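First the structure, in the form of structure tokens, and then the observations on it.
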Amino acid sequence: MLEIRKATAFDAEKILEYCQVIGGESDNLTFGKEGVSITIDREKEYLDSIFHSDRQLYLVATKDNEIVGTANLSSFEKPRLAHRAEIVGLSVKKSMWGNHIGTRFMETIIDFAKNTAKIEIISLEVRSDNKRAIALYKKFGFETVGTFCGFMKINDKYVNCDIMHLHL
Numbered sequence: 005m006l007e008i009r010k011a012t013a014f015d016a017e018k019i020l021e022y023c024q025v026i027g028g029e030s031d032n033l034t035f036g037k038e039g040v041s042i043t044i045d046r047e048k049e050y051l052d053s054i055f056h057s058d059r060q061l062y063l064v065a066t067k068d069n070e071i072v073g074t075a076n077l078s079s080f081e082k083p084r085l086a087h088r089a090e091i092v093g094l095s096v097k098k099s100m101w102g103n104h105i106g107t108r109f110m111e112t113i114i115d116f117a118k119n120t121a122k123i124e125i126i127s128l129e130v131r132s133d134n135k136r137a138i139a140l141y142k143k144f145g146f147e148t149v150g151t152f153c154g155f156m157k158i159n160d161k162y163v164n165c166d167i168m169h170l171h172l
């Protein structure tokens, strides 16, 4: 049974392992098979610090006690930016693509942003050629507002990313 829930400090090690797996599955992420360069203790601290937040959200999708997806919404604290938040990560293990996990993440994120965090605009960056992700975001009303040429560099080739946003 698939479960979507807030991540806890107890998930830290599994999240870091998950990042290494998904980093090696596609080039759609800002990291590769090396995963993210953070220690388990720092990841625990981070997850612990946002667990009760009404402005930040870190979700995990689990199936049979295994993490198969993560999503992260981060908002801004400065008063002039406090109306905004960013989806800084949304990923699903390749073997689980097509199971509507991304849709469930987006529903949860948008509900949290609108009703708990009182966010007015959500933004994100997505590879310009990642048609599956772009279709997901458009399904929820996100619009492309620009393209960041050379956002990433993978194997000595520049990769463009679209900047998208949603007014809630």
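In terms of our numbering, the sequence shown is residues 5 to 172. Backbone N, C-alpha and C fix where the C-beta goes; we use that ideal spot for every residue, glycine too. Remember, it's a predicted structure, so these values are computed and weren't measured experimentally.
8 Å Cβ shell around Q24 - same chain, five flanking residues per side excluded: The residues K37, E38 and G39, in chain order, have a CB closer than 8 Å to that of Q24 in the same chain once the five nearest residues on each side in sequence are set aside.
Can you tell which of D45, D15, I8 and S95 has its C-alpha closest to the C-alpha of E29? The shortest Cα separation from E29 among D45, D15, I8 and S95 belongs to S95.
Tell me whether G106 is buried or exposed, calling it buried when 16 or more other Cβ atoms sit within 10 Å of its Cβ. Using a 10 angstroms sphere on the CB of G106, the tally of other CB atoms reaches 16 or more, which defines it as buried.
Cβ contact (3+ pairs, closer than 8 Å) linking the region 103-122 and the region 66-80: Because the criterion of three Cβ pairs below 8 Å is met, the region 103-122 and the region 66-80 touch.
Using only alpha-carbon positions, find the residue among T66, V130 and W101 that is nearest to I91. If we check each option's Cα against that of I91, V130 comes out closest.
Compute the Euclidean distance between the alpha carbons of G154 and K161, then round it to the nearest angstrom. Each residue's CA atom was taken as its position, placing G154 and K161 some 8 Å apart.
When L172, I158, F152 and M156 are compared against D166, the one with the closest alpha-carbon: Per the Cα distances, F152.
With burial defined as no fewer than 16 other Cβ atoms inside 10 Å of the residue's Cβ, what is the status of I71: buried or exposed? Classified as buried, I71 has 16 or more neighbouring CB atoms from the shown chains inside 10 Å of its CB.
Alpha carbon to alpha carbon, how far is I44 from S53? Give it in angstroms, no decimals. If I take the Cα positions, the gap works out to 14 Å.
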